[in-house]
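Colleague: If you scroll down you'll find the structure; I have some questions about it.
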């Protein structure tokens with residue numbers, strides 16, 4: 019079993035839709051959770067950073083962490099074509115000194 | 033991810049040649065991480081270095097791959113005797129302190145290695 023599981027998609031939505039991206043994990047020691055956005059042939063760009071359980075909002079983006087279920091989500095409101103990218107979840111904690119990534123979900127927002 | 037500088041951005045090598053990828057971390061960052069991304073796959077950890085020290089190389093292949101982060105100059109990921117399976121995007125990231133410690137890491141734009 020992978021430490022972090024993420025549906026690779028692709029996920030296609032119309033412009034303006036609410037997008038939900040999710041990851042599950044197995045290591046209960048993970049405490050810090052991140053979402054990165056990666057455009058084609060570019061480096062990952064940090065979008066959201068959360069610690070422990072709860073919600074965090076930044077503009078159109080909301081990150082949600084449920085440690086009891088080992089489940090994290092990223093919601094994108096009013097999605098735009100410019101949001102079309104691969105979204106990677108990542109996490110770290112406990113004895114781990116490096117980020118562990120999901121495989122990424124490819125999102126396409128259709129105009 | 034502005035600030036972490038990687039070069040070259042694109043590199044073509046013939047099988048058996050050596051590839052050297054360089055990474056200059058963000059200003060003030062002394063922790064460097066190398067990740068590899070194969071097509072249709074996520075980022076796989078390779079190695080974590082601090083200045084003059086390899087902290088964690090658990091993701092590095094046992095042969096042909098090496099990394100360093102000297103006191104002066106960029107971090108180098110070196111791949112000897114490249115094979116076609118080494119074709120991938122190699123990303124460098126840096127952080128100001130050891131993870132997790134309330135930090136995350138910032139990535140460069142990557143170096144795309146193609147072995148022909």
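Chains as they are written, first to last, in the working numbering: chain A, 19 to 129; chain B, 33 to 148. Just so it is clear, CB atoms sit at the ideal spot from N, CA and C, and this is done for glycine as well. All values derive from a computational prediction rather than experimental measurement.
By the criterion of Cβ-Cβ separation under 8 Å, what are the contact partners of residue 105 of chain B in chain A?
Modeller: Residues of chain A passing the Cβ test: none, with the nearest at roughly 21 Å.
Colleague: Comparing C-alpha positions only, which one of B/60, B/80 and B/114 sits nearest to residue 52 of chain B?
Modeller: Comparing Cα-Cα distances from residue 52 of chain B to each of B/60, B/80 and B/114, the minimum goes to B/114.
Colleague: Could you name the residues of chain A that residue 65 of chain B contacts, counting a contact when the two beta carbons are closer than 8 Å?
Modeller: Going along chain A in sequence order, the residues near residue 65 of chain B (Cβ under 8 Å) are 116 and 117.
Colleague: If you pair each beta-carbon of the segment 40–48 of chain B with each one of the segment 70–81 of chain A, do three or more pairs fall below 8 Å?
Modeller: Output reads no: the segment 70–81 of chain A does not touch the segment 40–48 of chain B.
Colleague: With DSSP run on the structure shown, which of helix, strand or coil describes residue 95 of chain A?
Modeller: Looking at residue 95 of chain A - three-state DSSP - the assignment turns out to be coil, as it is neither helix nor strand.
Colleague: Per the contact definition of three or more C-beta pairs closer than 8 Å, is the segment 27–43 of chain A in contact with the segment 95–104 of chain B?
Modeller: At 8 Å Cβ cutoff, the stretches do not touch.
Colleague: Drop a sphere of 10 angstroms on the beta-carbon of residue 116 of chain B, count the other beta-carbons inside from all chains shown, and report buried for 16 or more, exposed for fewer.
Modeller: The residue is exposed, with fewer than 16 neighbouring Cβ atoms inside 10 Å.
Colleague: Listed from N- to C-terminal order along the chain, which residues in the segment 72–86 of chain B have their beta-carbon within a distance smaller than 7 Å of any beta-carbon of chain A?
Modeller: Hits within the stretch, in order: 73, 74, 75, 77 and 80.
Colleague: Quick one: is residue 132 of chain B near chain A, going by C-beta distance under 8 Å?
Modeller: Yes, its Cβ sits closer than 8 Å to a Cβ of chain A.
Colleague: Can you tell me the Cα-Cα spacing of residue 55 of chain A and residue 96 of chain B, whole angstroms?
Modeller: Taking the straight line joining both Cα atoms gives about 31 Å.
Colleague: At the level of alpha carbons, what is the spacing between residue 107 of chain A and residue 112 of chain B?
Modeller: Rounded to whole angstroms, residue 107 of chain A to residue 112 of chain B spans 31 Å at the Cα level.
Colleague: Closer than 7 Å between beta carbons: that is the criterion. Which residues of the segment 117–142 of chain B meet it against chain A?
Modeller: So the close ones are 123, 130, 131, 132, 136, 137, 138, 139, 140, 141 and 142.
Colleague: So is residue 50 of chain B buried or exposed if we call it buried at 16+ other beta carbons inside 10 Å?
Modeller: It counts as exposed.
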